[in-house]
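Going letter by letter, the sequence shown gives residues 1 to 268 in the UniProt record's numbering. Glycine residues also receive a C-beta, built at the ideal position from the N, C-alpha and C atoms. Working notes, beginning with the structure itself.
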Amino acid sequence: MLKSLSYNLGEDCPVFENLFEFCQIYAGGTIDAAHRLNNQLCDIAINWAGGLHHAKKCGASGFCYINDLVLGILELLKHHARVLVMTVSFHKYGDMFFPGTGDVKIISKVVETYQPGAIVLQCGADSLAGDRLGCFNLSIDGAYLIGMQNVLGVLLDTELPNEIPENEYIKYFAPDYSLKSPGGLMENLNSKSYLSTIKMQVLENLRCIQHAPSVQMQEVPPDFYIPDFDEDEQNPDERMDQHTQDKQIQRDDEYYEGDNDNDHADGS
Numbered sequence: 001m002l003k004s005l006s007y008n009l010g011e012d013c014p015v016f017e018n019l020f021e022f023c024q025i026y027a028g029g030t031i032d033a034a035h036r037l038n039n040q041l042c043d044i045a046i047n048w049a050g051g052l053h054h055a056k057k058c059g060a061s062g063f064c065y066i067n068d069l070v071l072g073i074l075e076l077l078k079h080h081a082r083v084l085v086m087t088v089s090f091h092k093y094g095d096m097f098f099p100g101t102g103d104v105k106i107i108s109k110v111v112e113t114y115q116p117g118a119i120v121l122q123c124g125a126d127s128l129a130g131d132r133l134g135c136f137n138l139s140i141d142g143a144y145l146i147g148m149q150n151v152l153g154v155l156l157d158t159e160l161p162n163e164i165p166e167n168e169y170i171k172y173f174a175p176d177y178s179l180k181s182p183g184g185l186m187e188n189l190n191s192k193s194y195l196s197t198i199k200m201q202v203l204e205n206l207r208c209i210q211h212a213p214s215v216q217m218q219e220v221p222p223d224f225y226i227p228d229f230d231e232d233e234q235n236p237d238e239r240m241d242q243h244t245q246d247k248q249i250q251r252d253d254e255y256y257e258g259d260n261d262n263d264h265a266d267g268s
């Protein structure tokens, strides 16, 4: 019990059945998405189950057990000098409100300034009008992405119908049962002068940032080994047989020319 608490496993991050498998699936999905981008197998890769960005290196946090975003970014950095991470979160920021780190200003035109080779975008729903967690006032028409389907629709430049098809969750879309949630549910206390001041401050901050900043010179780890296969012929319900797995085991003397090689694994 004490060991679980040391990793913040408890009320905030409860332990449930198949937790490790759950972490393997969503973290592995993000790593695989990054691998596909690195190898130009796709232009856009989405992990529907990913984005658990509150997890820390030494423990869980905010119902996030493994920070799959960090793992994906590390994989992207093997091929891209700069990776832009955009996490836009509209929570209430009070003394007792998670994560308790204070407000973070939104920066526009970051892509132009930073010139990344890849972009990691995490989308949430906290700032949608009517959301009880974020208590914000944005709508889909106001350039806010809500829901997996709408994000994919924007990426594919496809307009989604406003009508919600009949499903078991249809009651939660009452009273209008439509995709677009109307804004204006709260009084807008942001004056034009205030918004203009914020915009000027953001642009000034960007002006002070080095354009396309330099990157570190360091050893780049090798890619994860991915066996060659034809995805169209691969059965997702079949696991790799034991014989195939055994053939992929790397021998300790794989890179030694012979008995006279000075670089033996035992140091002799």
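Annotated three-state conformation of leucine 77 is coil, per DSSP.
Sequence-distant partners of serine 178 (beyond 5 residues in either direction) whose C-beta falls short of 7 Å from its own C-beta, in its chain, are Asn162, Glu163 and Ile164. Bridge partners of glutamate 163 according to DSSP: Ser178. As the crow flies, the alpha-carbon of phenylalanine 22 is around 34 Å from that of glutamine 115.
Per DSSP, reduced to three states, the secondary structure at cysteine 64 is strand.
DSSP places valine 202 within a helical segment (H, G or I) once states are collapsed to three.
Nearest neighbour of alanine 45 by Cα position, chosen from Arg82, His54, Asp176 and Leu152, turns out to be Leu152. Taking a 10 Å sphere around the C-beta of asparagine 167, we find fewer than 16 other C-beta atoms and assign the residue as exposed. With contact defined as three or more Cβ pairs closer than 8 Å, the stretch 12-19 and the stretch 28-39 are not in contact. Assignment of isoleucine 170 by DSSP, reduced to helix, strand and coil, places it in the helix class.
Counting along the chain, the unbroken alpha helix (DSSP H) around isoleucine 31 starts and ends at 19-38.
Alanine 118 has Val83 as its beta-bridge partners, per DSSP.
By the Cβ rule, the stretch 205-212 does not count as touching the stretch 56-68, because fewer than three pairs are nearer than 8 Å. Taking C-beta atoms under 8 Å as the contact rule, leucine 84 and valine 120 qualify, at a distance of about 7 Å. Lysine 192 carries a helical assignment under DSSP once its states are collapsed to helix, strand and coil.
Relative to the Cα of leucine 156, the nearest Cα in the group Cys42, Lys56, Gly29 and Asp223 belongs to Cys42. The residues Ser61, Cys64, Tyr65, Ile66 and Asn67, in chain order, have a CB closer than 7 Å to that of alanine 55 in the same chain once the five nearest residues on each side in sequence are set aside. Inter-residue distance for lysine 78 and tyrosine 172 is about 43 Å (C-alpha atoms, whole angstroms). When the alpha-carbon of asparagine 39 is set against those of Val111, Gln24 and Ala118, the nearest one is in Ala118. Inclusion of asparagine 47 and glycine 29 in the CB contact set at 8 Å is warranted, their separation being smaller than that value.
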